[in-house]
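Undergrad: One structure coming up, written as structure tokens, with questions to follow.
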Amino acid sequence: MKNYQLTDFSTPEKIEYEKNLNPQQLAAVKGEDGPVLVLAGAGSGKTRVLTYRVAYLLERNVPAQNILVVTFTNKAAHEMIHRAETLMKSRLTGLWAGTFHHIANLILRREASILGYTPNFTIVDEDDSEDLIQDSVEELGYAKQEKAFPKKNIISDIKSLSVNCQENIETIIGRQYRHVEEFAAKIKNVIIHYHKKKKAANVMDFDDLLHNWLLLLDNPEMREKYSQTFRYILVDEYQDTNALQFAVLKQLASAHYNIMAVGDDAQSIYSFRGAEIKNLLDFPNIFKGAQVYRLETNYRSSPQILHMANEIIKHNLNQFPKELHAVKKDAEAPVAVKTLDVYQQAKFVGQRIVELNDEGIALREIAVLFRSRFQALELEMELVKRGLPYVIRGGVRFFEQTHIKDVLSYLRIAVNPSDELSFKRALCLHKGIGRSYAFKIWEQLHVKKDFIEGVTRALPKRQQEGFKNFCKLWDEVKKINKPDEAVNAILEFYKDYCYLNFENSDDRVADLEELGKMAQSYTSVEQFVADMSLLDEFKGETRLEESQREEALVLSTIHQAKGLEWDTVFLIGFNEYEFPHPKSLAQENSLEEERRLFYVAATRAKRHLFLTYPQNKYTNNGLLIARASKFLQELEPGCYEEWGIEN
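In the numbering used here, the protein residues as written are 46 to 692.
And the structure:
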């Protein structure tokens, strides 16, 4: 019989810090007690620093239960714990590690009674939370008012931003939801009513976990208890913290003052979610005597890509200056590619992907990034034609998006009034018409063959108004021959629907405007609808099973790509008035965040980086000459090559 020997996992060995860390990492890991700010440049090994810092504290006989590690995903927390346990060769029983919400839940279960909850309180997910908001809207009578009231998801987003930014409802609406300002007082009433319902039901939503944690720490006895418990606090992705999270951390660090914040101001790109870059920039002023360490050795990208990245970010004024240095060998310089228009851009990217794949670069090692979702429309069509499998990171394919399908449903019934699915979908976009009424109306018109006037008279007053508006728009669209004009006519109605139903309404309107531009190349609505329907069929053939997704290239917004890396990155639509986003041009802080977004995109690439910008832009007012992004114009010409396209 063969014996299998188990090793003793509980016997730690001395960790060789000098061997496994570069000098900058080593200095941060072995830093003295007190507040510490680690400025971790892209690809510089911040997770390694956090992991070794935990191990270093444990080697100094700091009990695991006195260490708190806060991450932004549970996956990151589990990975860090696993790495630390491997280093220590022991189980880290008692270590506090996880997301802000995870830690908050653990503490609130212990102290629920202080806040008027019982320890068995329920945490409601996003869907249940929105349903509770809808109940509040209906109980207050706002659902029955004449004018359409903002949907539950819009109210939920306003509530969430108010809590996490530590600002009142009116401020949030005035800054980010001006299209619903007329409802501000009623939205505030809904949120107040919603909070009362939750408290009565002994439930919390995700925002409550952090809000109630802060309320708990406002109690002097609780603040003393937990600030003494957490002798050392380590925070990952510190540049992404919001006002509420910062307030919690400040209270927790009040006793021992031992807080290590690891982040990169150059990668702060989530202000729209409430992230505050000033939490990182002001760290040395808020936590007096803070030690500041810089991690500037990059293990990901080529020297040429890092040269461009350094050139990009040096134009920002509000930052901690850093100079990334490469470990990898020389590679090709980044390439700026001027194309005739978005169609030639799509052909170039498609052909270059095929060439790189033939050279041995796997499709999964190639990503196409963009500032806004609509910029990938023509590229998606090109990839389908070429049979190149792709996945959309953090979203769905262009023509599978709700707002695109909504508008196309009107075009489909203009061409084919017998299309039941499209008829019901378009009808449900109107006030007072739900699925049940849409079914009844379809039955009356197409099964019982009633006239529209008779169907209208049979409906209640609220549904009558919605059905009349549907018929009016339907008749208008049927009379239009040019598909771009038809799309724009539908968009005139649909814009208001967007603003009341979707939190990212401006992005969705931009998608639909791009759909209208694309329709300009068609001579009839019938032809346009036919091509869109055929594209749906092709997409069905290329839609991937989970097991196949790893063999597909990635399409992603830059926001969704943060933290990831690929051998080759294409950044498309790199034009003025598209990137930076037009809204950012009036405010210096917003413009600097857009530049950080460019920096994040560039530093996702290991070897190959392509920036493409179409010269001609088709708008509702005709053809415009488009320039490359001002961010490209800021760069020294020597840090990239320029390519033109020959047909």
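Glycine residues also receive a C-beta, built at the ideal position from the N, C-alpha and C atoms.
For my contact list, VAL570 and PRO528 are in at a C-beta cut-off of 8 Å; report their separation, rounded to the angstrom.
TA: 5 Å
Undergrad: Spell out the partners DSSP gives GLY143 in its beta bridges.
TA: Answer is VAL115, bridged to GLY143.
Undergrad: Let me know the secondary structure DSSP gives GLY88 once reduced to three states.
TA: coil
Undergrad: So, under 8 Å CB-CB, LEU177 and LYS242 are touching, yes? Tell me the CB distance rounded to an integer number of Å.
TA: 6 Å
Undergrad: Identify the continuous beta strand (DSSP E) that holds TYR344 and give its terminal residues.
TA: First-last for TYR344: undefined, no H or E at that position.
Undergrad: Does the beta-carbon of GLN390 have 16 or more other beta-carbons within 10 angstroms, so that it is buried, or is it exposed?
TA: Buried, because 16 or more other Cβ atoms sit within 10 Å of the Cβ of GLN390.
Undergrad: Kindly identify the DSSP beta-bridge partner or partners of GLU687.
TA: ALA381
Undergrad: DSSP state of VAL413, grouped into three classes?
TA: Strand, per DSSP.
Undergrad: Could you check the C-alpha separation between ARG136 and GLU130 for me, to the nearest Å?
TA: Just so you know, the alpha carbons of ARG136 and GLU130 end up roughly 6 Å apart.
Undergrad: If you run the structure through DSSP and keep just helix, strand and coil, what is PHE419?
TA: helix
Undergrad: Under 8 Å Cβ to Cβ from ILE199, same chain only, skipping five residues before and after it: list those, please.
TA: TYR222, VAL225, LEU545, ASN546, PHE547 and GLU548
Undergrad: My output table needs one value for GLN336: the three-state DSSP class, helix, strand or coil.
TA: strand
Undergrad: Going by the CB atoms, is the gap between ILE535 and VAL554 shorter than 8 Å?
TA: Not closer than 8 Å, so no.
Undergrad: Note down, in chain order, each residue of its chain lying with its Cβ closer than 7 Å to the Cβ of GLU356, except the 5 sequence neighbours on either side.
TA: LEU680, GLU681 and CYS684
Undergrad: Any idea what DSSP makes of PRO659, helix, strand or coil?
TA: strand
Undergrad: Quick check on ALA73: buried or exposed, where buried means 16 or more other Cβ atoms within 10 Å of its Cβ?
TA: Per the 10 Å Cβ criterion, buried.
Undergrad: In the DSSP assignment, find the unbroken alpha helix (DSSP H) run with TYR435 in it and report its ends.
TA: Looking at the DSSP string, TYR435 is not in any alpha helix (DSSP H); the run it does join, the beta strand (DSSP E), is 435–437.
Undergrad: Taking a contact to mean a Cβ-Cβ separation below 8 Å, would you say LEU132 touches ALA109 in this structure?
TA: no
Undergrad: Name the DSSP beta bridge partners of MET305, please?
TA: VAL81 and LEU279
Undergrad: Does DSSP classify THR216 as helix, strand or coil?
TA: Three-state DSSP puts THR216 in a helix.
Undergrad: What is the DSSP secondary structure of ILE525, reduced to helix, strand or coil?
TA: In this structure, ILE525 counts as coil in the three-state DSSP scheme.
Undergrad: Quick one: what does DSSP say HIS475 is sitting in, helix, strand or coil?
TA: In the structure shown, HIS475 sits in coil (DSSP, three-state: anything other than H, G, I, E or B).
Undergrad: Are there 16 or more other CB atoms within 10 angstroms of the CB of GLU582, so buried, or fewer, so exposed?
TA: Interpretation of GLU582 is limited by its pLDDT of 44, a score under 50 that renders its predicted location unreliable; no figure is taken from the coordinates.
Undergrad: Could you give the DSSP three-state label for GLY585: helix, strand or coil?
TA: Confidence at GLY585 is low in this model, with a pLDDT of 39, below 50, so its placement is unreliable and the value that follows should be read with caution. GLY585 falls in the helix class under three-state DSSP.
Undergrad: Whole angstroms is fine: what's the gap from ILE690's alpha carbon to VAL208's?
TA: As the crow flies, the alpha-carbon of ILE690 is around 50 Å from that of VAL208.
Undergrad: Closest by CA to GLU559, which one among LEU422, ILE237 and PHE117?
TA: LEU422
Undergrad: Cα separation between HIS360 and LEU160?
TA: 48 Å
Undergrad: With a threshold of 16 other CB atoms inside 10 Å of the CB of ALA531, please say whether the residue is buried or exposed.
TA: buried
Undergrad: Can you tell me whether ARG649 is helix, strand or coil according to DSSP?
TA: Of the three classes helix, strand and coil, the one that applies to ARG649 here is coil, per DSSP.
Undergrad: For THR568 and ARG641, what's the separation of their Cα atoms in angstroms?
TA: 42 Å
Undergrad: Assign ARG345 to buried or exposed, taking buried as 16 or more other Cβ atoms, counted over all protein chains shown, within 10 Å of its Cβ.
TA: buried
Undergrad: Just mark GLY618 as buried or exposed, buried being the case when its beta carbon has 16 or more other beta carbons within 10 Å.
TA: buried
Undergrad: Tell me the DSSP secondary structure of PHE393 in three-state form.
TA: helix
Undergrad: With a threshold of 16 other CB atoms inside 10 Å of the CB of GLY511, please say whether the residue is buried or exposed.
TA: Flag for GLY511 reads buried.
Undergrad: Considering only C-alpha positions, which residue in the set PRO505, LYS506 and ILE497 is nearest to TRP519?
TA: ILE497
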